[in-house]
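Asks: Below you'll find the structure I mean.
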Amino acid sequence: MADKDLKTKWNLTPGGWNLEGVPAYQDEKRFTQVGRSVPRVDGPVKVKGEAVYTGDMILPGMVYGKIKRSTYAHAIIKKIDYSKALELPGVLAVITGEEAPNKWGIVPQAANETVLAIGKVRFYGEGVAAVAAVDEETAEAALELIEVEYEPLPVLLDPFESMARAGEVLIHEDSPKNILHEGEQVYGDIDKAFAECEYVLEREFHTNYPQHGFLEPQTALASYDPQSGQMHLWASTQIPHYLHRQLSIVLEIPMNKIRVTLPAIGGGFGGKGEASIAEFVASLLSRKIGRPVSVTFERNEVFFTNKGRHPCHMKVKMGLDKEGYIKAIDFDNTLDKGAYSGWGMVVLFYTASMLHLPYEVPNVRFRGRSVYTNKPSTGAMRGLGGVQPRWALECIMDELAEVMGISPYELKMKNAIESSHTCINNMFVPHSEYKKCLETAVEKSGFLEKHGKLPFGKGIGIAGGYYISGTAYTLYQNYKPHTSVMIRVDTEAGVTLMCAAADIGQGCNTVMAQMVAEELGVHYEDVHVQSGDTEIGAFDLGSFASRLTYASGAAIKMACVEINQKIKETAAGMLGVRADQLVLKNREVYSMYETKKRIPWEKVVEAYTSINGSLVGLGNFSPPRRKGIDIVTGNRVQGANIGHSPTFGFSAQVHEVEVDVETGRIYVKKVTEAGDCGTPVNPMSVDGQVEGSIMFNLGACLYEDQKLDANGKHLNPNFHDYKTPTTMEMPEMDTNIVESYDHTAPFGVKETGEGAVQPTFPAITNAIYDAIGVRFYNLPITPEMVLKALKEKKAVEASSK
Amino acid sequence: MRTFDHIDVYSIAEACTTLREYQGRARLNAGGSDLLTVLKGDFLADYPEAVINLKTISGMDYIREDGEYLRIGTLTRLTDLVSSPLLKEKYPVLSEAAYTVATPQIRNVATLGGNLCQDTRCWYYRYPRSIGGPVQCLRKGSGPCLAIKGDNRYHAIMGGKKCFAVCPSDMAVALAALDGKVIIVGPEGERRVEVTDFYHPTGNELAKDEVVREIEIPIKRTPTQQSFRKFTLRKPIDFAIVSSATVITVAQGICTDARIVLGAVAPAPVRAKAAEELLIGKPITEETDTAAAEKALVGAKPLSKNEYKIQIAKTLVKQAILGVTD
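Here the protein sequences come in this chain order: A and B. Sequential numbering from 11 applies to the first sequence in my numbering. Sequential numbering from 26 applies to the second sequence in my numbering.
Structural data, given as C-alpha cells:
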C-alpha cells in the first residue's frame, strides 16, 4: 500500500478529527500508530552488522562444545569409547546419551527424542556424544578420537517401504507399524456426495523434502552457576517457553532455576520451533564443567538435523456438482516423518484441517498417517501442514475448472467462503476478505485476459490460500493464557513493554511497539520493548503458527486498560473534566467534547508517578476454544483442536512464468498477490513478509530438495548443492493489502507470515500448465522434469496424429 | 578447520621449492575461494600440513598481447578478466565466461589459475569429514565412483572413465575454444599443455611440485565470432550444469574455422571436433547449426539421472553458434 493512501485514510487533524469530520473516538479503526510504515526497530543494527547474535557472545571462561555424529542411518550402538578423547589436552568433558535419558519433544504425548542417542541411532548424523574443549579445533580433534561401534540395521528411507517392512524392522520399538500416528476424520456422507457429483477428479501428489535455509545456524550458549544452581541459556530459538520447559525436563532442574534469553535471531521459519540439540548439549556440558559452553552448528549440521517440511504423498479426490459447487473432498495423506516425532502429530492433523478452507466443503474425509523413516526428522516449516494439501487442492481445482470449461477464478469465487463461516468440522471463521483477495489479484494481473491465451512457453496461474492466526491450544494440556505482557510507564524509562515474545526477524518487536503506542496514545518511537527473555519478560508460547501479532495485540490492549484508566483519572483532576470523556492520542490527553482542554501525556505521567511511583499494567490473552467442543451440545467433536484459530488470514496469488522449452528452465516473471491480513500494523513489514513468503516457496517449488543417498547420507548439506533461490531469481512483485478489518481481533489484525506461502506452489504449477500444457504432480519441478514431460508430450501428440 | 602452516612465497620458483620440501603435503592458495571450502570440509585423504600463499608474488596478474600471443598471468583476478577492455574487444568469450562465475565477491578474490586448478564439485567426493567422511572413491584412490550407482544428476555424460566427476572450471571451457595453453613451471623448467589435456580423469596435469604460471593464447589474425553459454539452475552462484564456448571464423558467409567446446559434461572440457568439421566449409544456418549441435553430442552416454544434460547441451551449442542471447 502506498504511503499516500495511509495519509489520507488514517491521519488525523490536530484536534483528533479525521478528514471526513468524524471524531476519532467514534471510529475504532482510526489509528495513528497502527498502520504506520515505520522502519523496523532492529533494522539499523542488522544492516550495520552490529546486531549481537548468540554466536557473537563471549563470556569469561567460555569453552566450546561439538557433537559427534552417527555415520549410520539405522544401527545399534554397541559401544562408545571416549577415553582417548578425554586424554587429549584441552578437552574438559565428554558426554553421551545416558547422561540425559529423559525424552523431549515439542508435543509431549509423543516425545521420543533424547539429547544424544541411547542404544540406537535412527538417522545419519544423529548425535552420539559431545565434547567440551578449550577451543573448537581441540573439540573437533577430540570427536575423531571417540570410537563408536555400530551394528547396522536395515535403513528405511521411504515411508511406504517403512510400513511394508515394519514386521522386519522397527525404527521405534513402541511403534509397531513404524507409524507415529494415524487418524481418520469423516464429516458428512462422502460416498453419497460423490455419487451426486457431476465432476469428479482423482489425483496423486507428492511433495519434496525442503529445509528452511535460515542464515543463522542453531547456536546456544549456556552458563551454569554451580553455587546457585541457576542455568542461563542464550539461544537462537523461536520458542523460549517450550525450550525452557523441555530444558527443565531434560536437565531435571525446576523451570525457576533456568533462564532463557534470546539475543538477535537470524531467522527460523519453523526450524527453530523445536528445541535444538545445541541447546541441550551446551547446557549439559556447562553443568558438568561449571564453565560457559558455546555450541554453534556448522551449516551441514543444520541440514543433518533438518526439521524441515514433511514430504507428503497425497491421494486427492474432489467432486463438484453441475454448477461447480464443491460437494466432497476425499483426502489420503502419508507423511514422511523422518526419525523422531517432533511436531509430527500436529502436522498430520493440520493437513486434515486445511481441507476445510478457504472454500465451503460440505463433505470431507481425511485419512492420514505419519510414518517414521531413517531420515533427519521433518518438523515445522513456514505454512506448517497447509502448504502440501493446498498445493494439491488448488491444482486439482485448476484441472476441474478446465474440465468444466470455466475459468479457475470463477470456480474459486463460486466456492470461496465469506465472513462468519462455520466449517463442517466446527472451525469458525469470523471474518474473511478472501473473495476480495481473488478479485484484486485477478484484476491487477490481467489474469482473465491472459489465461489460456499466451503463446506456448508462457503461462499464468492462479491459486489461493489461508492460514490460522493467533492459535488456539497449547501443545501440552493447560488453560493458562498463551501470552502475558507487562507494560511499565514512568518518567525515567518512559514506556516499556516487557514480554517473552521471540522476534526471530519477523518484526514482532516493531509491531508490538506500534500497538502499545496506539493504545496508550503515544508514538511508536516512545516505546521500548524488552522481549525474548523468560525472566525479564512475562509469559509467551513463542513465535509459530502466526500467532504473535494477534496474541500480543490482545494482551497489550488489556494491559493498557489499567494504565489508561489511571492516566485519565489523574488528567481529569488536572483538567477539570470527566475521566470517561478523555481521549489519549498523539502524546496528549484531551476531552473529546471540549477539545481545548488538553494536556501533554507526559505531564500526566509525571503527576501520577510523583505520588504513586511507576504505572504498571498486566495483560494476557487466551484464544477461544471453539472447534474442539460443540457449543450446542457441549460434547467434544472429532478432529480435536488442531487448525482452530481466533481468526484467519487469506491470500491470492497470480504467477506468470516463462518456460524455456529448450532447456526446461522455469522463470517466474511476475507475481501479483493480494492479501487479507486484517489491519496492516506495519504495511512495509507486511510487504516484506509477503515477498519473503513468495520467495520462500518459489524456492521449494522449483529448486530446493534435500537429497539422501541409499545409506541415508545427506548429499547436499550446503548452500552450493542445496539450491535456495537468490535475489536474482526474484520476480517482479506486486503485493496488495486488501481493505480488511476483523472486529473480533485486537486492532482488527490477522496474520501475514504464513498465509502468503500457501498459494505459491499451486499458482506456479498451474502457470506452468498454462505455459506448456503439462501438469506436474511432483516437486520440485526441475528442468529435467520439464524436458522429459515435453518429450513425452511430443511423442503422444505424434502418435495421435 | 584444522591448523596448518601458512607460508608466503615471493616467486614462482620459491613456490616450487616449497612444494617440493613438503613432498605433496602442501597446497597452493591464491584467492582461496575453493581451497578454504576444501579445508573446511576436510574431505581429502590427507589434510595439508602447509598452505603456500601465492598472492605475495608480484607481477603475476596481467593481460597482455605480445605479438603472437595473448598472455594472462595466473594471479589475474576474474574481476579483471570481466572488465578488461582488451578481452571485451578481442576475446569476449573469456570475459563472458569469467562473468558467469559465482558472484562479484568471489570474482574479486578468485584468480584465473585458481579457477583452472579448483577441485571437483562432486558431492560424493566433497562429502565432509565431520559426518562420516571423507568418502572413499576412485578419485581419492580407493573404491569405485559412487556416482555410477548413486545420484548422478550433475555428473559426466561423456568421457568418464571410472570417475564421473565433471571439470567445474568455466574458464577452461572458454580457453579451450581459443586453443589456450597452460604454462606450467616446475623445478626442471617450464612446459606447455593444451587446456583440454590439463585435466585427467581423476585430477590434473600438475605434478606435486608444479605451479601454473601463465595462460598463453595464440592471437587470431582474422576476426572471430565468440560466445559463451552456461546453464545453471540459479542465475548466479551455481556451477555449470552444462556450458559451451564457441569461436567461429566466417568469411563471405562460409565458416572457415570453428572451435566448439562443451563444459561440465566430462572430466575435462570437450572439443566437439565432429561438430567443428561439420560446420567448416558451410554457411551458418539454422540447419547446419542444429546438425552441429546433434553431432557435438554423438557418443554421449548418460548415467541413470543425467540424460537431460544432453538436451541442454545441444541447446547451448546451438545458441552459442548462432550467438543467441538470453
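Note that CB positions come from ideal geometry on N, CA and C, so glycine has one too. This one's a predicted model, so the numbers in the text were calculated from it and none came from an experiment.
(1) Across the stretch 759 to 774 of chain A and the stretch 472 to 481 of chain A, are there enough close Cβ pairs to call them in contact, namely three or more that are closer than 8 Å?
(2) Is it a yes or a no for the stretch 403 to 412 of chain A touching the stretch 482 to 492 of chain A, going by three-plus beta-carbon pairs under 8 Å?
(3) For A617(A), which residues in the same chain have their Cβ closer than 7 Å to its Cβ, ignoring the five residues on either side in sequence?
(4) Could you give the C-beta distance for Q143(B) and D59(B), rounded to a whole number, given that I count them as a contact under 8 Å?
(5) Measure the C-alpha to C-alpha separation of K187(A) and I181(A) and round it to an integer number of angstroms.
(6) From K803(A), I427(A), R79(A) and V101(A), pick the residue whose C-alpha is nearest to that of C447(A); which is it?
(7) Sorted by chain position, which residues of the same chain lie with C-beta nearer than 7 Å to D351(B)'s C-beta, five sequence neighbours on each side aside?
(8) Could you give the DSSP three-state label for W27(A): helix, strand or coil?
(9) Name the residue from D204(B), A270(B), Q48(B) and E301(B) whose alpha carbon lies nearest to the alpha carbon of S120(B).
(10) Give me the residue from S83(B), V290(B), L112(B) and T315(B) with the minimum Cα distance to G324(B).
(11) Taking Cβ positions, are A120(A) and G75(A) nearer each other than 7 Å?
(12) Can you tell me whether C518(A) is helix, strand or coil according to DSSP?
(13) Going by DSSP, name the residue or residues bridged to P308(B).
(14) State the DSSP-derived secondary structure class of C322(A), mapped to helix, strand or coil.
(15) Does the pairing of the stretch 262 to 276 of chain A with the stretch 530 to 547 of chain A give three or more beta-carbon distances under 8 Å?
(16) With a floor of 3 residues, list each beta strand (DSSP E) that falls wholly inside the stretch 452 to 511 of chain A, ordered by position along the chain.
(17) So which residues on chain B does D731(A) lean against when the C-beta distance must stay under 9 Å?
(18) Please compile the residues from chain A whose C-beta is within a distance smaller than 8 Å of the C-beta of K260(B).
(19) Tell me whether F170(A) is buried or exposed, calling it buried when 16 or more other Cβ atoms sit within 10 Å of its Cβ.
(20) When burial is assigned at 16 or more other CB atoms within 10 Å of the CB, is N622(A) buried or exposed?
(21) Rounded to whole angstroms, how far is the Cβ of S296(A) from the Cβ of Y369(A), which I believe are closer than 8 Å?
(22) Buried or exposed for I86(A), please, with buried defined as at least 16 other CB atoms from any protein chain shown within 10 angstroms of its CB.
(23) If we ignore side chains and look at the alpha-carbon of each, how far apart do M508(A) and K424(A) end up?
(24) Based on the DSSP secondary-structure assignment, which residues constitute the bridge partners of C188(B)?
(25) Spatial neighbours of Q256(A) within its chain, please: C-beta separation below 7 Å, excluding the five flanking residues on both sides.
(26) Rounded to whole angstroms, what is the Cα-Cα separation between G283(A) and A390(A)?
(27) Between G31(A) and the rest of its own chain, which residues show a CB-CB distance below 8 Å, the 5 nearest in sequence each way excluded?
(28) Scan the stretch 661 to 682 of chain A for residues whose Cβ lies nearer than 9 Å to a Cβ of chain B and list them as they occur along the chain.
(29) Which residue wins for smallest C-alpha separation from G205(B), given the options I244(B), E235(B) and I182(B)?
(30) Going by DSSP, name the residue or residues bridged to F341(A).
(31) Can you name the start and end residues of the alpha helix (DSSP H) that V57(A) belongs to?
(32) Provide the residue span of the alpha helix (DSSP H) that contains S58(B), from first to last.
(33) Taking the alpha-carbon positions, what's the K320(B) to A122(B) distance?
(34) Considering only residues of the same chain and omitting the five flanking positions on each side of V63(B), which have a CB-CB separation below 6 Å?
(35) Report the rounded CA-to-CA distance for P193(B) versus K255(B), giving the unit in angstroms.
(36) At which residues does the beta strand (DSSP E) containing E742(A) begin and terminate?
Replies: According to the structure shown:
(1) Look at the beta carbons and you see the stretch 759 to 774 of chain A touching the stretch 472 to 481 of chain A: at least three pairs across the two are nearer than 8 Å.
(2) With a cut-off of 8 Å on Cβ pairs, the stretch 403 to 412 of chain A is not in contact with the stretch 482 to 492 of chain A, counting fewer than three such pairs.
(3) When the five nearest sequence neighbours on each side are left out, the beta carbons in the same chain lying within less than 7 Å of the beta carbon of A617(A) are those of T580 and M584, in order along the chain.
(4) The C-beta distance from Q143(B) to D59(B) rounds to 4 Å, short enough to meet the 8 Å contact threshold.
(5) So the alpha carbons of these two residues sit roughly 9 Å apart.
(6) If we check each option's Cα against that of C447(A), I427(A) comes out closest.
(7) The predicted model places D351(B) with a pLDDT of 43, which falls under 50 and marks its position as unreliable, so this point remains unresolved.
(8) Reliability of the predicted coordinates at W27(A) is poor, the pLDDT of 48 falling under 50, and no value is obtained from them.
(9) The shortest CA-to-CA distance from S120(B) to any of D204(B), A270(B), Q48(B) and E301(B) is the one to A270(B).
(10) For G324(B), the closest alpha carbon among the candidates S83(B), V290(B), L112(B) and T315(B) is that of V290(B).
(11) Not closer than 7 Å, so no.
(12) Helix at C518(A).
(13) When DSSP reads this structure, P308(B) sits in a beta bridge with I279(B).
(14) Under the three-state reduction of DSSP, C322(A) is assigned to strand.
(15) Contact holds: three or more Cβ-Cβ distances are below 8 Å.
(16) Segments of the beta strand (DSSP E) lying fully in the stretch 452 to 511 of chain A: 468 to 479, 493 to 500 and 504 to 508.
(17) From the beta-carbon of D731(A), the residues of chain B found nearer than 9 Å are R146, W148, R151 and Y179.
(18) Those within 8 Å of K260(B) in chain A are T736, M738 and E739.
(19) Under this definition F170(A) is an exposed residue.
(20) Classification of N622(A): exposed, given that the 10 Å Cβ count is below 16.
(21) The Cβ separation is near 52 Å, so there is no contact.
(22) The Cβ neighbour count for I86(A), taken over all protein chains shown within 10 Å, is under 16; the residue is labelled exposed.
(23) Approximately 46 Å between the Cα atoms of the pair.
(24) In the DSSP output, where bridge partners are listed per residue, C188(B) has K186(B).
(25) Counting only Cβ-Cβ distances below 7 Å, and skipping sequence neighbours, we find W114 and A285.
(26) Distance from the CA of G283(A) to the CA of A390(A), rounded to the nearest whole angstrom, comes to 7 Å.
(27) Because the pLDDT of G31(A) is 47, which lies under 50, any placement of that residue in the model is unreliable, and the question is left without a value.
(28) Of all residues in the stretch 661 to 682 of chain A, the ones placed with a Cβ closer than 9 Å to any Cβ belonging to chain B are D670, E672, T673, G674 and R675, in chain order.
(29) Nearest option by C-alpha distance: I244(B).
(30) Per the DSSP secondary-structure output, F341(A) pairs in a beta bridge with V326(A) and F376(A).
(31) Note, V57(A): alpha helix (DSSP H), G53 to V57.
(32) Taken as a continuous stretch (DSSP letters only), S58(B) belongs to no alpha helix (DSSP H), as it is neither H nor E.
(33) Straight-line spacing of the CA atoms in K320(B) and A122(B) works out to 23 Å.
(34) Excluding positions up to five away in sequence, the list reads D144.
(35) In a straight line, the C-alpha of P193(B) is about 12 Å away from that of K255(B).
(36) Bounds of the beta strand (DSSP E) holding E742(A) are E742 to I747.
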